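Note that numbering that gives the first Met the number 0 has the sequence shown beginning at 0, numbered continuously upward.
Input: a single structure, listed below in structure tokens.
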Amino acid sequence: MQVMDGSLISVCLLTYNHAHLIESTLDSILRQTLTGYEIIVSDDCSTDNTWEILQRLAVADPRIRPIRTPHNLGMPGNANFAVAQSDRPYIALLHHDDLYRADLLEKWVGVLERYPDITYVFNPYDSPNAEHHYGPRFETEYIDGTYFLEKFLFARWGCPVRGTAMIRRNCWDKIGGMRIEFSLLADVDMWMRLAAQGPVGYVNEALIKPRHEERPSEYPDEYKSDNFSWRRERILYEIHAANHLSYYDLGTFIGRINWWIFRYKMSFRSFVWLIYAVIRRKPYMIVSSIDSATAYDLFYLRIARWILQNLYSIKQVFRIDK
């Protein structure tokens with residue numbers, strides 16, 4: 000049996016305002032079957048006592064290296080900050096509210112070691128709803144990057160890769176890490192850009208248990224997946240647009256076809272949300288729908304949004320709305 004070397008791995012654990020969970024999350028990382036890996040815990044200027052807990056835990060276990068961002072950077076900025084603190088060849092990008100199976104790092108690094116051209120490796124989550132929310136499982140541990148990008152990342156609005164994965168550092172460096180302009184969804188953009196660079200690895204085992212339902216009440220609303228947000232939709236559209244434009248050659252017939260298919264699907268998705276807002280009588284969704292506007296919206300969507308917003312304004316002026 001091949002013995003995996005944990006000294007190749009930098010665990011970069013991102014945290015913000017999770018004092019109630021950070022200790023148990025770290026405990027699951029400290030119990031990994033490998034040895035020699037470093038644990039960088041990057042606190043994004045938490046306003047609770049997360050930082051104090053990290054300092055206490057670091058005194059008790061020298062494997063923990065807590066660092067703190069100079070100011071609140073948001074998830075992608077914090078990820079870039081954390082990764083910059085180490086130069087090991089494999090980056091295990093983890094988050095503060097998950098529990099990790101003891102063989103997570105061993106499983107991940109095994110795939111990267113077996114296939115030197117794989118850009119990153121991920122896995123399904125230990126959740127009864129993981130299949131529904133995060134896409135299908137794969138039977139192979141080696142997935143062609145082009146196939147994965149075109150058939151799964153481009154073809155669907157949901158992303159089968161969550162925010163956690165092990166990334167080959169030279170691939171991270173090649174794409175420049177996360178793009179902070181994509182805010183809370185910057186990891187989706189990163190998975191696309193990495194898949195465009197090469198194959199993707201997969202472990203068909205539920206190695207991670209999420210605990211998103213335990214997020215504190217004061218946690219930013221946009222990070223709560225059950226809250227609809229036009230802004231979140233716009234960021235997702237911008238990510239897909241940016242990656243379509245960089246991947247397809249619009250000077251070719253196939254490239255133009257794929258670009259217009261994307262624009263149609265994007266506009267239709269927003270149109271469906273508008274119809275939903277009308278049917279379910281959610282005026283706030285109509286009023287705020289301009290927050291999803293992009294330069295790529297098709298004409299019929301712009302017209303529908305304008306009509307609905309103006310109809311709502313007229314109803315408000317004449318107090319017709321119930």
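Here a beta-carbon is modelled for each residue, glycine too, at the ideal position from N, C-alpha and C.
Computed from a predicted model, the values in this text were never measured in an experiment.
Here's the rule: buried if 16 or more other CB atoms are within 10 angstroms of the residue's CB, otherwise exposed. What is residue i?
i      : result
GLN31  : buried
VAL58  : exposed
HIS17  : buried
ALA194 : buried
PHE298 : exposed
HIS95  : buried
ILE39  : buried
ARG231 : buried
ALA185 : buried
ARG304 : buried
LYS150 : exposed
VAL108 : buried
TRP190 : buried
ASP248 : exposed
PRO61  : exposed
GLY5   : buried
GLU130 : Model confidence at GLU130 stands at a pLDDT of 45, short of 50, so the residue's coordinates are unreliable and nothing is read from them.
SER9   : buried
ASP86  : exposed
GLU138 : exposed
ASN169 : exposed
GLY144 : buried
PRO115 : exposed
GLU237 : buried
ARG192 : buried
GLY250 : exposed
Go to residue i, then tell me how far its beta strand (DSSP E) extends in each direction, as first and last residue.
i      : result
ARG323 : With the chain covering only 0 through 321, there is no way to say anything about residue 323.
TYR119 : 119 to 121
ARG64  : 63 to 67
GLY38  : The sequence shown places Ile at residue 38, rather than the Gly named in the question. Where ILE38 is concerned, the enclosing beta strand (DSSP E) stretches over 37 to 42.
Less than 8 angstroms between the CB atoms is what I'm expecting for residue i and residue j, so what's the real figure, rounded?
i      : j      : result
SER291 : SER269 : 6 angstroms
LEU72  : ALA164 : Not confirmed; about 20 angstroms, so no contact.
TYR141 : PRO198 : 6 angstroms
THR182 : PRO69  : The sequence shown places Ser at residue 182, not Thr. Actually they are not in contact, since the Cβ atoms of SER182 and PRO69 sit about 19 angstroms apart, beyond 8 angstroms.
GLY200 : VAL120 : 3 angstroms
ASP97  : LYS208 : 6 angstroms
ILE90  : CYS11  : 6 angstroms
GLY110 : TRP171 : According to the sequence displayed, residue 110 carries Val and not Gly. Contact doesn't hold; Cβ gap of about 16 angstroms is too wide.
PHE153 : HIS239 : 7 angstroms
Looking only at DSSP bridge pairs, what is residue i linked to?
i      : result
HIS94  : LEU13
ILE142 : VAL199
TYR283 : Per DSSP, none; premise fails for TYR283.
LYS208 : LEU98
ILE8   : TYR89
TYR114 : Answer is none; TYR114 lacks a bridge partner.
Can you look up residue i in the DSSP assignment and give me helix, strand or coil?
i      : result
PRO75  : helix
GLU105 : helix
ARG304 : helix
TYR246 : helix
TYR311 : helix
TYR299 : helix
TYR236 : helix
For the alpha helix (DSSP H) holding residue i, just list the boundary residues, first then last.
i      : result
LYS264 : 252 to 278
ASP26  : 21 to 29
GLU51  : 49 to 59
So that I know if they touch, is there some Cβ in chain B lying closer than 8 angstroms to that of residue i?
i     : result
SER23 : Annotation note: the requested chain B is absent from the structure, which comprises a single protein chain.
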